[in-house]
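Participant: Chains as they are written, first to last, in the numbering used here: chain A, 1 to 210; chain B, 1001 to 1210.
Here it is, the structure in full.
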């Protein structure tokens, strides 16, 4: 198995990769995010690629050495090439993209907007790797629709006071106490947590086995 | 808050109730399950009611005493009445109900059937409580559709060898390593884990606040 490098500090993404048994190292991207797109699916693809490419630049030297040493049968991804995984998640509602809330007031504003409605969560994922000595970039995204039950003002304020929303796009974490307000989803649940782990596994398998 | 009693030994159901901050005690039902229905939604409602009623018979004496002592304003559920929660989950595919696998061969058979297809998960939930001194039974169910990616024979056999399927309806646990094979769902994710915690929270709130 090629070395997998996760270009994300998110504890939830680390947890999800571990959950399906993928061994990996973490190398956090330090590049500044530059958004040139406006459509949510394009924004997450763009940002996941920036993160993955930034880390790829740091680790690809090893990869080139490894590739020149390779003698065995080549898979699509060179067997010794690391695979860098970048990811980015946003929440989209009513044509607006919601990132992480700036402060508690912002979190209350976001949740008041999402309460009783259906919004969409997009996660973009980018793989950077070497194929026959050539650098490759492969990007995809998953979309999940999420419907909330109506929340009272008190429920919103209490949830924001818990601190849980502050590091999360759209100001909620589907995997915590907020589950009480989630009516249902359409798509991959883990995509809402921050990484579409089913699709990711299928894509990485294809990359290595083809 | 009324005392909540969960009539289930399932560690996943306990975890979900804890997750949304509901305090509860566990009192496991010991009744023999009697299935008189064939439609999945009716089967889970019937079994969840049997479990809840069995435990209710054991705890309702306390409830009667409490109710006769009550002097304050009554909610729908008497304030001192315990609320017993029973739950049952089945997987349904192609007109068949899949419970827990009998053995590893049975687990392989179930997963081979579900691989690459969409099936349904039903969880029935029953509340037993006292209202104005009268015993009440309230039952509801949630349905979630789950779609798997196609799995290879090797993937199925490896997953079964992990032991994870053996205590789970349909021979898989959506919350573990099996996430790699889940393409998406339609409905409540936690309903597949074993308890529709969003709906349950909304129903219990209505019971206590109305």
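We put the beta carbon where it would ideally sit given N, CA and C, even for glycine.
(1) How far does the alpha helix (DSSP H) with residue 105(A) in it reach, from first residue to last?
(2) Would you please state the rounded distance, in angstroms, between the beta carbons of residue 1148(B) and residue 1115(B)? I believe it to be under 8 Å.
(3) In this structure, does DSSP put residue 189(A) in helix, strand or coil?
(4) Of all the alpha helix (DSSP H) runs that stay within the bounds of the stretch 1100-1182 of chain B, which reach a length of 4 or more residues?
(5) Check whether the stretch 120-132 of chain A touches the stretch 79-96 of chain A, taking contact to mean three or more Cβ pairs, one atom from each stretch, closer than 8 Å.
(6) Leaving aside the five residues before and after residue 1197(B) along the sequence, list all residues of the same chain whose C-beta is less than 6 Å from its C-beta, in chain order.
(7) Just mark residue 163(A) as buried or exposed, buried being the case when its beta carbon has 16 or more other beta carbons within 10 Å.
(8) List the endpoints of the continuous beta strand (DSSP E) containing residue 1088(B).
(9) What is the DSSP secondary structure of residue 44(A), counted as helix, strand or coil?
(10) Taking only beta-carbon positions, decide if residue 23(A) is within less than 8 Å of chain B.
(11) Can you give me, in chain order, the residues of the stretch 178-206 of chain A that have a beta carbon less than 7 Å from any beta carbon in chain B?
(12) Mind checking residue 1(A): buried by the 16 CB within 10 Å criterion, or exposed?
(13) Can you pull the chain A neighbours of residue 1149(B), defined as C-beta to C-beta under 9 Å?
(14) Measuring only the C-alpha atoms, how far is residue 1005(B) from residue 1130(B)?
(15) May I ask you to verify whether the stretch 1102-1119 of chain B touches the stretch 1022-1034 of chain B, counting CB pairs closer than 8 Å and requiring at least 3?
(16) List, in chain order, every chain B residue whose beta-carbon is nearer than 7 Å to that of residue 20(A).
(17) What separation, rounded to the nearest whole angstrom, lies between the Cα atoms of residue 128(A) and residue 84(A)?
(18) From what residue to what residue does the beta strand (DSSP E) around residue 23(A) run?
(19) Excluding the 5 residues preceding and the 5 following residue 112(A) in the sequence, name in chain order all residues of the same chain whose CB lies nearer than 7 Å to its CB.
(20) With distance defined between alpha-carbon atoms, name the residue in 178(A), 53(A), 42(A), 192(A) nearest to residue 28(A).
(21) How is residue 98(A) classed by DSSP in three states: helix, strand or coil?
(22) Note down the Cα distance separating residue 43(A) from residue 187(A), rounded to an integer number of angstroms.
(23) By the DSSP assignment, the beta strand (DSSP E) with residue 204(A) in it spans what residues?
(24) Look at residue 171(A) and residue 107(A) and say whether their C-beta atoms are less than 8 Å apart.
(25) In whole angstroms, what separates the C-alpha of residue 1132(B) from that of residue 1081(B)?
(26) Measuring alpha carbon to alpha carbon, tell me which of 1167(B), 1199(B), 1184(B) ends up nearest residue 1009(B).
Facilitator: For this structure:
(1) Here the alpha helix (DSSP H) through residue 105(A) covers 104-114.
(2) In this structure, residue 1148(B) and residue 1115(B) form a Cβ contact; the two beta carbons are roughly 6 Å apart against a cut-off of 8 Å.
(3) When DSSP states are grouped into helix, strand and coil, residue 189(A) belongs to the helix group.
(4) When DSSP assignments are scanned along the stretch 1100-1182 of chain B, the uninterrupted stretches of alpha helix (DSSP H) that are 4 or more residues long and fall wholly within it turn out to be 1104-1114, 1153-1161.
(5) Cβ pair count under 8 Å is three or more, so yes.
(6) Cβ-Cβ distances below 6 Å link residue 1197(B) to 1016, 1020, 1190 in the same chain, with the five nearest sequence neighbours on each side left out; the list follows chain order.
(7) Exposed.
(8) Counting along the chain, the beta strand (DSSP E) containing residue 1088(B) begins and ends at 1083-1093.
(9) Residue state, collapsed to three classes: helix.
(10) It does not; no Cβ of chain B falls within 8 Å.
(11) Residues are counted here when their Cβ sits less than 7 Å from a Cβ of chain B; for the stretch 178-206 of chain A these are 179, 180, 181, 182, 183, 184, 185, 186, 187, 188, 189, 190, 197, 198, 201, 202, given in chain order.
(12) Its Cβ having fewer than 16 others within 10 Å, residue 1(A) is exposed.
(13) Neighbours of residue 1149(B) in chain A, taken as residues at a C-beta separation under 9 Å, are given in chain order as 198, 199, 201, 202.
(14) So the alpha carbons of these two residues sit roughly 13 Å apart.
(15) Here the stretch 1102-1119 of chain B makes no contact with the stretch 1022-1034 of chain B; the two share fewer than three CB pairs at distances below 8 Å.
(16) Result: 1177, 1179, 1180.
(17) Cα atoms of residue 128(A) and residue 84(A): separation of roughly 5 Å, rounded to the nearest angstrom.
(18) Element bounds for residue 23(A): n/a, residue is neither H nor E.
(19) Answer for residue 112(A): 156, listed in chain order.
(20) For the residues 178(A), 53(A), 42(A), 192(A), the minimum Cα distance to residue 28(A) belongs to 53(A).
(21) Looking at residue 98(A) - three-state DSSP - the assignment turns out to be strand.
(22) Each residue's alpha carbon lies about 19 Å from the other.
(23) In the DSSP assignment, residue 204(A) falls outside any beta strand (DSSP E) and within the unbroken alpha helix (DSSP H) covering 197-209.
(24) Yes; because the gap between Cβ atoms is below 8 Å, this pair is in contact.
(25) The straight-line gap from Cα to Cα measures roughly 10 Å.
(26) When each option's Cα is compared against that of residue 1009(B), the closest is 1167(B).
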